[in-house]
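In the numbering used here, the protein residues as written are 13 to 194.
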């Protein structure tokens, strides 16, 4: 069964993006979206596991810390699969390898179908929160980076919401993989 896995890098003070979605801090923290050294040219280990990406519109259109380099794009420019973007505003013109969808459950179904037996990588805090709200998110993979941002987009922000129980599946000095318990 295909898993939906929220993947992100997070500052020590709990932010996954700086003010206004700024991602330039990733280079300052010495990390990339695989939790490693951004100067490392090796293949991101997550690339082989990801069959499709489900992204929020802000994340998809957001700040890429590798813009203008050969590492521009998902997983340091190494991801070549299909991306499904959850948005309220479907553009008139499509982009190669990208499907814009205005319904979460439809976007999940399309992404799972495209992923086959691989992971659907969920990118974007709001999309992850929505997936949790409908009981669809299976796992959360967080790479903790050595920087304090002070402000920005929180890993999980749900004012007035209920706690979400997680089970740690795997943890090391750079990352935590948790299973969402419903």
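We put the beta carbon where it would ideally sit given N, CA and C, even for glycine. On a predicted model such as this, the values are computed, not experimentally measured, just so you know.
Here the alpha carbon of residue 111 sits roughly 6 Å from the alpha carbon of residue 95.
Under DSSP, residue 112 forms a beta bridge with 97. Here the alpha carbons of residue 100 and residue 74 stand approximately 16 Å from one another.
For secondary structure counted as the alpha helix (DSSP H) over 4 or more consecutive residues, the stretch 107-193 holds these complete runs in sequence order: 116-127, 137-145. For residue 38, the enclosing alpha helix (DSSP H) has its first and last residue at 37-40. When the Cα atoms are used, residue 93 and residue 67 turn out to be separated by approximately 13 Å. Within a 10 Å sphere around the beta-carbon of residue 183 sit fewer than 16 other beta-carbons, which makes this residue exposed.
Ranked by Cα distance from residue 81, the options 116, 60, 156, 39 are led by 39. Taking a contact as a CB-CB distance under 8 Å, the pair residue 193 and residue 177 counts as one, their CB atoms being some 4 Å apart.
Non-local C-beta neighbours of residue 141 in its own chain, meaning closer than 7 Å and more than five positions away in sequence, comprise 168, 170, ordered along the chain.
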